[in-house]
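In this note's numbering, the protein residues as written are 4 to 672.
This is the structure we're talking about:
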């Protein structure tokens, strides 16, 4: 879905909610309380008047683009939020059946499930008729389901990157925004999940063809898109457009690429990517897609429901990564032996999932590559930034209650690696975050340590992870061993204007029983509404952190979840705007080059609201509602064109496939 400034004349899977962390590692809540007890979190406020959200202060516009100002970041000193916020009354009027948006904007539906990747292929678009379904072969050539992380790659990006490589630095922000194409390019979109009743029209597959249809609805799409002379975006034919599914041939690189832990007795090639959630982009112009709840697609065909038993360390990892005999109920293991955990010929197939996968959107014949140096977890997103010495750091959350935050740092500057024909993501150090108490009262920041995950650490070696490939394949076990801080469901990460990292923590309830504890950085016992955290590295192994928003404090009234275990600063504080822009359960996050933080939500929203897209001014703490979705949905993925004229976002599963809730994008009937 694409959002544009108006012309002036105008349930599926809740596995993340169940912790699989058996440790008593200190949690983020326990760390956060002392820190925030001495400072106030950002309080919301809203102005009545609003003009153009994306427009800069007068004098900084650079050209025109279909009635939208083509702008560049870096010099705007005016307000960052200049659009009329979408009101709760406007949302209520839609009754959760249609998407609603700020009166300053309009939206078009761009790539719904069933859109052919090549409009000239002769493949008929699937428009959602519940009495029919595409074939598996057709689904492999059309848009998948469960849209999630995404990124826009301007058509002329390779040429601009070559110029920057010769210069040895990126063009200034204004020049880059001016020269990059904002009317054509590739939109990479993750297709995280789709249940059987939605995709197949039945509760369980009855054949391998059913399984293939389900598998081909998952994965990633690289869509060629173009804006026409009327300002409308369309999917267009392009040789690099493609679908990448569970059955696409893959490469594997990095320290674990030749590990016996990734080899099957069957000798089958490495294929596929699944449950692609958040995303990231690299400075060299590639797309990073994140495999999250991969465990749910595996199951057991043994009559007693057991699985594994081939290796004790692998069995321990099965529990830590949440495998079960039935998975999420997809039933793939019944007809596709790759996903049968009880089949010894494929005993390591599950180890081939849970990675960051790199895709070149500009080469449709290049195999996607699983980058093992970044570790195997339930990756939610991958935020990449260039360090002062030219190396890159990648920040990644592990999306499950009571799991951890990670960082990878490349061994050498990325430009040197690219020139040498090597990947910057294949050699470096992987770290996990340990958040500390003891905030500095002068600046209100807490401290933390990035602990390297290496078999040289005796705690890791003593856990049975005595080689680097074991550390990378069983990353969660290595992080457990060094006492990483258990968090309130780490979701997306994104890089701010000064290199700071924003992390969304969607929620965490019922912390007893190994699901987490109350500490400084996880200050609420029943954190049903989630929070947003900012970290700043002060070296390779140290960082500072601060809580920038507790979502419960955006609510119109006290949500009533206080506990004697809560840290004092975490008590409800009424918002300055009276709850007009209240939101909870932050998930998707994207920081633009001005200092705006876009947040998509995933969870029960207050009042008459559905999941929404909210924009935060990180310099003032003001936030406004831009868009609201439909029933049983979530807002996922967010990115703009270089000139900020168009914003792309996803409504992931309208109505969870139930037409009695919504027919979006069709009108409700």
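Glycine included, C-beta positions come from ideal geometry on N, C-alpha and C.
Closest in C-alpha terms to residue 323, from the list 340, 25, 556, comes 25.
Rounded to the nearest angstrom, the Cβ distance from residue 149 to residue 669 is 18 angstroms, too far for a contact under 8 angstroms.
In this structure, residue 301 lies near residue 326, with their beta-carbon atoms less than 7 angstroms apart. Taking every protein chain shown into account, the CB of residue 210 has fewer than 16 other CB atoms within 10 angstroms, so this residue is exposed. For residue 649, the enclosing beta strand (DSSP E) starts and ends at 649-654. For the pair residue 199 and residue 141, the Cα-to-Cα distance works out to about 17 angstroms.
Inclusion of residue 412 and residue 441 in the CB contact set at 7 angstroms is not warranted, their separation being larger than that value. Unbroken beta strand (DSSP E) stretches of 3 residues or longer found wholly inside the stretch 92-163: 108-111, 150-157, given in chain order. Contact between residue 252 and residue 370 holds: CB atoms are separated by about 6 angstroms, below the 8 angstroms threshold.
Residues 168, 171, 393 of the same chain have their beta carbon placed closer than 7 angstroms to that of residue 418, with the five preceding and five following residues left out of the count.
Here the C-alpha atom of residue 505 lies approximately 19 angstroms from the C-alpha atom of residue 433. Residues of the same chain with a CB within less than 6 angstroms of the CB of residue 467, apart from the 5 flanking positions on each side, are 316 in chain order. Nearest neighbour of residue 510 by Cα position, chosen from 501, 527, 197, turns out to be 527.
The DSSP-derived three-state label of residue 472 is helix. Each residue's CA atom was taken as its position, placing residue 580 and residue 561 some 14 angstroms apart.
Annotation for residue 608: no alpha helix (DSSP H) segment contains it, and DSSP assigns it neither H nor E. Between the stretch 554-569 and the stretch 578-593 there are three or more inter-stretch CB-CB distances shorter than 8 angstroms, so the stretches are counted as touching. Under DSSP, residue 279 shares a beta bridge with 294. Per DSSP, residue 556 lies in no beta strand (DSSP E) segment and is marked neither H nor E.
Rounded to whole angstroms, residue 671 and residue 633 show a C-alpha spacing of 11 angstroms. Around residue 474, the same chain offers 456, 457, 458, 463, 468, 481 as residues with beta carbons nearer than 7 angstroms, after the five sequence neighbours per side are excluded. For residue 346, the closest of 309, 379, 230 by C-alpha to C-alpha distance is 309. Going by DSSP, residue 411 is part of the beta strand (DSSP E) stretching over 408-413. Annotated three-state conformation of residue 485 is coil, per DSSP.
Residue environment analysis places residue 376 among the buried positions, since at least 16 neighbouring C-beta atoms fall within 10 angstroms of its C-beta.
Note that the C-beta distance between residue 282 and residue 154 is below 7 angstroms. By the Cβ criterion, the stretch 485-502 is in contact with the stretch 589-607, since at least three pairs of Cβ atoms, one from each stretch, lie closer than 8 angstroms. Your pair residue 188 and residue 613 does not check out as a contact, with CB atoms roughly 30 angstroms apart and the cut at 8 angstroms. By the Cβ neighbour-count rule, residue 185 is buried, with 16 or more other Cβ atoms within 10 Å of its own.
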